[in-house]
Amino acid sequence: MIDIKIIRQDPQRFKQAAEHKRMSCDIDTLCSLDDRRRTLQQELDQLKHEQNETGGQIALYRNPKSKFYQQALDQGQTAETLTAQSQILVDQMADLKEKAKGLEDEFREVNEQFEALLLTVAQPADPEVPLGKDDTENVEVRRVGDLPKSDFEMVDHVALMTRLGMLDVERGVKLAGTRNYVLRGDGVLLHQAVLRLALDLMVQRGFVPMGVPVLVRDEMMVGTGYYPGGEEQAYRCERDQMSLVGTAEVPLTAMHGEEILSEEELPKKYVACSTCFRREAGAAGKDTYGLYRIHLFDKVEQVIVCRNDEELSKHHHAEIVQNAEDVLARLELPYRVVNVCTGDLGQGQVQKFDIETWMPSRNGYGETHSASRFYEYQARRLKLRYRDGQKKIRFCHTLNNTVIASPRILIALMENHQTADGRIRVPEALRAYLGGREYLGGQ
RNA sequence: GGAGAGGUGGCAGAGUGGCUGAAUGCACCGGUUUGCUAAACCGGCAUACGCUUUCAUAGGCGUAUCGAGGGUUCGAAUCCCUCCCUCUCCGCCA
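Remember, the working numbering sits 162 above the position in the first sequence when you count from 1.
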């Protein structure tokens, strides 16, 4: 969410931001609603003030405990005469209330519209973000690692894993429909090994490991920017007004919502491994094969909550990208980092770097990581604040990135590390998590 | 799921209709005193929004907020209703 005061100062900037992100937002209507809202509030405050004053005076005449009341009695007034005098004020009060009623209704309505619209204002992208309409215009930042070269016919992950008894797509679909799967045997062990490797690395780097709810109140979805707008992508439990999260970013970021942290405890660095649920609505027919686009997966996610300082945010952004790259290095996988263009940015994101890992079966790089920084966009929605050195209350900045998401990463892992004899070479760093095995399959 | 208890400021804890944005204590910040530390004493100390003074820091005024929403009343932390949450006991259960 953007501060309305900043929008008011430079509406043009936000119109353009929405345009670049290919989103629609009626800034003009928002501003006129804001004007109306403020006028109404002033009038209402004034009326309320008069009511409070009048109420206070009535209290003098009607409250036997007040000094005024006692003095009046001493001066020969009776309870009856005092009550009679107060009646004039009570009548005045009725007038005031009558006037306020209409204003209140209008205020409520205007304010509701205003708040709903404010939630849809896009955060302007960083100047470093390339202009572009969609993911085809993302800009490659760097490529790391050599692509595998083989003198044999490479097989895709589904064939490999099925043959090795690691994956059963058919039964996954029988159980839960398309985009579902059953992992088995080494598939499960490898999946867990990769997650654990990622988690351990993050803990080593000072991130606090967390176990968080994956079914959360809708306000957390709103607070992190997924709602309104993303309802179709989430499994929502209407009965309970709760949603299954598509990423642990949601609970990790929202965890300190409504709080005022102290500056010394920042930055908060969290890592959580959680199950992620995605409906993939609107993706029908896209990436239907294999483990690429599935409804349920596990992901180790990193979240940083830091001071309200753009340079600092950028610094942490680089840090969380590096963390992910280091995981891929340990898995000995070739990847590239892309600077995501404006048209492919989310509403609240200032900048996003995707990491795409080489997937031989796609003959290309496939997105495996996504690192975003939000500045105070999420924090403002979540009321996630801290007290700075001057004791001023400020909104935090938030950032997040994937550390590893599996089974998607298994596509790259299986395919890149397959051998001529149909086995899978286990990268050095992963062996400790697989009982020291150097290969999966064979024997 | 059944029965009961309860939700007040950073924390503890008063407050059952007006003088209560809220006693008191602790914590915290500033000051005085003091070889140092501690103690003692004095002062300050919620959040949000709007208006306003100012170059700005920082003020001033107003409104709202005692879990949330609605109601009764001239007036609600206080009375009534609904919901949410926490705790205790019982039942069930990974």
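Backbone N, C-alpha and C fix where the C-beta goes; we use that ideal spot for every residue, glycine too.
Helix, strand or coil for residue i? Go by DSSP, reduced to three states.
i      : result
Gln513 : strand
Tyr397 : strand
Tyr343 : coil
Ala338 : helix
Asp197 : helix
Thr519 : strand
His477 : helix
Asn563 : strand
Leu423 : strand
Asn501 : strand
Ala224 : According to the sequence as given, residue 224 is Arg; it is not Ala. Three-state DSSP puts Arg224 in a helix.
Ala355 : helix
Asp330 : strand
Asp460 : strand
Ala434 : strand
Val407 : coil
Phe276 : helix
Val252 : helix
Gly217 : helix
Pro173 : helix
Glu529 : strand
Just the Cα atoms here: how many angstroms apart are residue i and residue j?
i      : j      : result
Gln203 : Phe276 : 13 Å
Gly373 : Cys503 : 33 Å
Thr437 : Val370 : 18 Å
Tyr497 : Leu490 : 8 Å
Tyr432 : Ser475 : 15 Å
Lys167 : Phe269 : 19 Å
Arg547 : Thr386 : 14 Å
Met255 : Arg198 : 26 Å
Lys295 : His182 : 8 Å
Thr409 : Ser532 : 11 Å
Ala262 : Gln213 : 10 Å
Thr340 : Gly334 : 8 Å
Val252 : Asp236 : 24 Å
Tyr601 : Val588 : 5 Å
Leu281 : Ile164 : 8 Å
Lys336 : Glu302 : 40 Å
Asn273 : Leu192 : 10 Å
Val462 : Glu538 : 23 Å
Gly391 : Gln509 : 10 Å
Asp313 : Val306 : 22 Å
Pro289 : Phe515 : 14 Å
Gln552 : Pro292 : 37 Å
Pro310 : Ile573 : 14 Å
Gln233 : Thr240 : 11 Å
Asp402 : Gln580 : 46 Å
Leu174 : Ser186 : Correcting the residue identity first, residue 174 is Gln in this sequence and not Leu. In a straight line, the C-alpha of Gln174 is about 13 Å away from that of Ser186.
Gly238 : Glu260 : 35 Å
For residue i, which residues in the same chain have their Cβ closer than 8 Å to its Cβ, ignoring the five residues on either side in sequence?
i      : result
Ala445 : Arg455
Leu363 : Asn485, Asp488, Val489, Arg492 and Val565
Met404 : Leu377, Val378, Arg379, Asp380 and Arg398
Thr216 : Leu251, Gln254, Met255 and Leu258
Tyr527 : Tyr497, Arg498, Glu518, Thr519, Trp520 and Met521
Taking the Cβ atom as the reference point for each residue, do residue i and residue j lie within a distance shorter than 7 Å?
i      : j      : result
Asn563 : Ala486 : yes
Leu453 : Pro569 : yes
Asp506 : Asp297 : yes
Met576 : Leu322 : yes
Ala355 : Leu195 : no
Arg200 : Val499 : no
Gln513 : Arg549 : no
Phe459 : Ala567 : yes
Gly598 : Arg585 : no
Tyr231 : Gln247 : no
Thr560 : Val483 : no
Gln540 : Thr450 : no
Leu206 : Leu265 : yes
Arg543 : Phe557 : no
Spatial neighbours of residue i within its chain, please: C-beta separation below 6 Å, excluding the five flanking residues on both sides.
i      : result
Ala179 : Ala284 and Pro286
Ile169 : Phe176
Met316 : Pro522
Compute the beta-carbon to beta-carbon distance between residue i and residue j, rounded to the nearest angstrom, for a pair I have assumed lies under 8 Å.
i      : j      : result
Tyr388 : Val412 : 7 Å
His457 : Phe439 : 7 Å
Ser523 : Asp188 : Contact doesn't hold; Cβ gap of about 44 Å is too wide.
Leu326 : Val320 : The Cβ separation is near 11 Å, so there is no contact.
Lys428 : Arg367 : The sequence given here has Leu at residue 428, not Lys. The Cβ separation is near 17 Å, so there is no contact.
Leu357 : Cys435 : 5 Å
Glu420 : Lys545 : 5 Å
Leaving out five residues before and five after residue i in sequence, what residues of the same chain have Cβ atoms less than 7 Å from its Cβ?
i      : result
Gln395 : Gly408, Arg440, Arg441 and Ala443
Gly347 : Gly327 and Met328
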